[in-house]
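What follows is a short report on a single structure.
Residue numbers (this note's numbering): 343 to 633.
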């Protein structure tokens, strides 16, 4: 193929519109992928933080008996090999937690606030947790042992669902991009049908003609994809800085690792290859059946 032939087929307006289409599609896909990678990272961090943590509550209206049982349980916990750390929760901290519901009355020393002990375990073995619970109940059956993992399981399930939804959106956007490329390639083929027939009479093969459309689509995908990727990266960085400013441990976990950024950086290349392959297959098949 010579330069004039390149210029003739490059005038296809439908194919040139692929620059904007690819930019928009890649922008949205990168945001969806970043959301999926970020929520997956946060879900893993949440599971690691909560899997080996317990809270022991001693509920007793008798403050003397309650404090005595709390001290005995604390001693037992600190002697257990399964326990890495056992720390009583300060009453002032409990008062701050109760303030939204009780107001200033939460600081009343006569208020029967349960004693609480935070426990960090060495491992995440269910049998080890069961032994710790049994040791606590041996001191007083009234003690309540709560696993943090159970408290936050609805949040973890929601984050996992959000992750799968984001990945499904990525696949949907990739499919939509391929469909748009197919439609644009067919529109360009119909627009240049007469020109292609002349090229065939001059000795051009179907593969040579398909290569021209493939080149145009690849160029549009590269230009549009680069612009969309840069815009998406800017939005992702902006959101990341805002999340860091919130000071929330859970939201701060929605971050991207170096491997996540590598995946995002490879997405424009994947879309370029997808668009190029879709255009080539569409044109070659159409030329074989209709021309």
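Just so you know, even glycine gets a beta-carbon here, dropped at the ideal spot from N, CA and C.
The three-state reading of DSSP puts residue 622 in helix, counting H, G and I together. Taking C-alpha positions only, residue 475 is separated from residue 487 by approximately 7 Å.
The shortest CA-to-CA distance from residue 602 to any of 383, 616, 430 and 464 is the one to 383. Counting C-beta pairs closer than 8 Å gives fewer than three between the segment 407-424 and the segment 356-372, which falls short of the contact rule. If you look at residue 409, you'll find it in the alpha helix (DSSP H) that goes 405-421. Here the segment 614-624 lies against the segment 522-531, with 3 or more beta-carbon pairs under 8 Å apart. When rounded, the separation of the alpha-carbon atoms in residue 573 and residue 386 is 28 Å. DSSP places residue 430 within a strand segment (E or B) once states are collapsed to three. In the DSSP assignment, residue 572 is bridged to no other residue. DSSP places residue 544 in the coil class of the three-state scheme, outside both helix and strand. With contacts defined as CB atoms closer than 7 Å, residue 463 and residue 394 qualify as a contacting pair. In the structure shown, the three-state DSSP call for residue 402 is coil.
Three or more Cβ pairs closer than 8 Å define a contact, and the segment 604-620 meets that threshold against the segment 564-572. The alpha-carbon of residue 563 is positioned some 28 Å away from that of residue 381. Going by DSSP, residue 468 is part of no beta strand (DSSP E) but of the alpha helix (DSSP H) stretching over 468-481.
When only Cα atoms are considered, residue 399 and residue 377 end up about 37 Å apart. Annotated as distal: residue 412 and residue 477, with beta-carbon spacing of 7 Å or more. 7 Å or more divides the Cβ of residue 431 from the Cβ of residue 409.
Between residue 512 and residue 374, the gap from beta carbon to beta carbon is short of 7 Å.
Of the other Cβ atoms in all chains shown, 16 or more fall within 10 Å of the Cβ of residue 371; this residue is therefore buried. At a Cβ-Cβ threshold of 7 Å, residue 418 and residue 481 count as neighbours. Minimum Cα-Cα distance from residue 576 among the listed residues 606, 550 and 556 corresponds to 606. Under the DSSP definition of a beta bridge, residue 396 partners with 461 and 489.
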